[in-house]
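Participant:
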Amino acid sequence: MNSQVIQKKFLNHIHYFRGFAIINIVIAHTWHVPFEFKNHQEADFVNIFREVIFHGSTIYFIFISGFLFYYLSFNFKTGKYYKNKIFNVISPYIFISFFILLVNTIPLLIKYEFSIYIFLKTLIKTCILGSAQVQYWYIPFISLIFLISPLILKIPKTIFFKMVLIGCFLPLFGSRSGIQISIGQYIYFVPIYFLGIYTAMNYSNIICVIKNNISLLISFAIISTVILIFLKGEAYYLSWINVSESVFYIQKISVCFLTIIILAKFENKKVVLLDFFAKYSFAMYFIHLLVKNSHIKLLYYNACSKTPDFILPLSVFFVITVIFITLSICLFLKKILGKYSRFFIGV
Numbered sequence: 034m035n036s037q038v039i040q041k042k043f044l045n046h047i048h049y050f051r052g053f054a055i056i057n058i059v060i061a062h063t064w065h066v067p068f069e070f071k072n073h074q075e076a077d078f079v080n081i082f083r084e085v086i087f088h089g090s091t092i093y094f095i096f097i098s099g100f101l102f103y104y105l106s107f108n109f110k111t112g113k114y115y116k117n118k119i120f121n122v123i124s125p126y127i128f129i130s131f132f133i134l135l136v137n138t139i140p141l142l143i144k145y146e147f148s149i150y151i152f153l154k155t156l157i158k159t160c161i162l163g164s165a166q167v168q169y170w171y172i173p174f175i176s177l178i179f180l181i182s183p184l185i186l187k188i189p190k191t192i193f194f195k196m197v198l199i200g201c202f203l204p205l206f207g208s209r210s211g212i213q214i215s216i217g218q219y220i221y222f223v224p225i226y227f228l229g230i231y232t233a234m235n236y237s238n239i240i241c242v243i244k245n246n247i248s249l250l251i252s253f254a255i256i257s258t259v260i261l262i263f264l265k266g267e268a269y270y271l272s273w274i275n276v277s278e279s280v281f282y283i284q285k286i287s288v289c290f291l292t293i294i295i296l297a298k299f300e301n302k303k304v305v306l307l308d309f310f311a312k313y314s315f316a317m318y319f320i321h322l323l324v325k326n327s328h329i330k331l332l333y334y335n336a337c338s339k340t341p342d343f344i345l346p347l348s349v350f351f352v353i354t355v356i357f358i359t360l361s362i363c364l365f366l367k368k369i370l371g372k373y374s375r376f377f378i379g380v
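Numbered according to our numbering, the sequence shown spans residues 34 to 380.
(1) Within this structure, are the beta carbons of I97 and F50 separated by less than 8 Å?
(2) Just list the residues that DSSP pairs Y270 with in beta bridges.
(3) For the structure I just gave you, are there three or more beta carbon pairs, one from the segment 298-307 and one from the segment 268-279, closer than 8 Å?
(4) Rounded to whole angstroms, what's the CA-CA distance from A254 to I220? Just pull it up for me.
(5) Between which two residues does the alpha helix (DSSP H) containing N72 stretch?
(6) Give the DSSP-derived three-state secondary structure of H62 in the structure shown.
(7) Going by other Cβ atoms of all chains shown within 10 Å of its Cβ, with 16 needed for buried, is S36 buried or exposed?
(8) Is T232 closer than 8 Å to K100 when the C-beta atoms are compared?
(9) Excluding sequence positions up to five away, which residues of its chain have a Cβ less than 6 Å from the Cβ of F355?
(10) So, for Y334: in the same chain, excluding its five sequence neighbours on each side, which residues have a beta-carbon less than 6 Å away from its beta-carbon?
(11) For F365, count neighbouring Cβ atoms within 10 angstroms of its own Cβ and tell me buried if that reaches 16, exposed if not.
(12) Consult DSSP for V304 and reduce its assignment to one of helix, strand or coil.
(13) Just to confirm my understanding: we take N45, look at its own chain, exclude 5 residues before and 5 after, and list those with CB closer than 6 Å. What are they?
(14) Quick one: residues in its chain with C-beta nearer than 8 Å to the C-beta of I81, no 5 flanking neighbours on either side, listed in chain order?
(15) Nearest to F53 by alpha carbon, out of F376, S314, L203, F377?
(16) Are the Cβ atoms of A316 and I378 separated by less than 8 Å?
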């Protein structure tokens, strides 16, 4: 399959889609109302709206990862590919996990109860399980996919098409296992990665198909969203099938293709903000919860306590603040660390 891959032009709208993806993911992880106000009507609205619209945004990341893997696979060299993944993904992941664990160990250091052996053992376990932060499960999960990705280029296109066609139905079983790495997790997400690859392989044709079926995609997006609102974005099982995750798959894939069509209109325009979010998407993925759980959250909680009637606008302002402070920190660290920044923050 790789022998037919040729160098292609840079696609601004696909680049912008990475920015779209990280914004959705950050909102999914940070938009909330303080627990003490859980019985407020605004809290119900925030929780339902966040889950219905932003839960499952990892699908965007998985899809675009598959797309870019194939699209950028001209003159593919396996060694260089693995080297880039180690430097740009694994290295910052281990470093930031180490930093988080070290900060959490400070009380033990103060009490002189620190053990290097226990610390290193915990670090290894933390990195393997992706448990340093709630979103870190994705790194050990995607690492296995990165490991096998070069083999995908050797699969004949006709066979790969059949794999994609069959695979597209697998996420409908709703086997996603939350933040736990499991076989079900791979059954749910790998077909989306394959779909991203297939889209890159046949991009012009796929775009034509999307444009000819805009109404159908909009219908899928609307109907699935209505169903999720009815379910309040919560898990709903029929036997062992998580229906909610099945519907999220339909919703997010529909939105994915519709967003690509919308962003394609900006292909020849410089959308500065989206460009920044796209460039620093992985760095933002690594640190956005550190920003959320910083002193900013205390200020947000205090503001809610003083003005409980404005919880909803305050929660929106909090999310926007987290997004832009996260981006600003990434820009600052990139400036300070220069060419070495990819080892520490992945950019």
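Backbone N, C-alpha and C fix where the C-beta goes; we use that ideal spot for every residue, glycine too.
Facilitator: On the basis of the coordinates in this document:
(1) As a first step, residue 97 is located in the sequence shown; it is residue number 64 there, counting from the start. As a first step, residue 50 is located in the sequence shown; it is residue number 17 there, counting from the start. Against a cut-off of 8 Å, the Cβ pair of F50 and I97 comes out as a contact.
(2) As a first step, residue 270 is located in the sequence shown; it is residue number 237 there, counting from the start. DSSP lists N275 as partners of Y270.
(3) no
(4) Translated into positions along the sequence shown, residue 254 becomes position 221. Translated into positions along the sequence shown, residue 220 becomes position 187. Spanning the two alpha carbons is a distance of roughly 22 Å.
(5) Along the sequence shown, read from residue 1 onward, the residue named residue 72 stands at position 39. Run containing N72: none; DSSP gives neither H nor E here.
(6) The residue given as residue 62 occupies position 29 in the sequence shown. Helix.
(7) Numbered from its first residue, the sequence shown carries residue 36 at position 3. At S36, the pLDDT of 45 sits below 50, so the modelled position is not reliable; the number obtained from the coordinates is stated separately. Exposed, by the Cβ-count rule.
(8) Here residue 100 is taken as the residue at index 67 of the sequence shown, counted from 1. Here residue 232 is taken as the residue at index 199 of the sequence shown, counted from 1. The amino acid at residue 100 is misidentified as Lys; the sequence shows Phe. In this structure, T232 lies closer than 8 Å to F100 by Cβ.
(9) The residue labelled residue 355 in the question sits at position 322 within the sequence shown. Checking the sequence shown, residue 355 turns out to be Val, not Phe. Taken in chain order, the residues that qualify are T63, V324, K325.
(10) Sequence index remark: in the sequence shown, residue 334 carries index 301 (1-based). If we look at Y334 and ignore the five residues flanking it on each side, its Cβ neighbours are P67.
(11) Taking the sequence shown and counting its residues from 1, the one referred to as residue 365 is at position 332. With fewer than 16 other Cβ atoms within 10 Å, it is exposed.
(12) Locating residue 304 in the sequence shown gives position 271, counting from the first residue. Coil, per DSSP.
(13) Along the sequence shown, one-based indexing puts residue 45 at 12. Here the set comprises E300.
(14) Locating residue 81 in the sequence shown gives position 48, counting from the first residue. These residues qualify, in order along the chain: I262, K265, G266.
(15) Working through the sequence shown from its first residue, we reach residue 53 at position 20. The option with the nearest alpha carbon to F53 is S314.
(16) Against the sequence shown, residue 316 aligns to sequence position 283. Against the sequence shown, residue 378 aligns to sequence position 345. Against a cut-off of 8 Å, the Cβ pair of I378 and A316 comes out as a contact.
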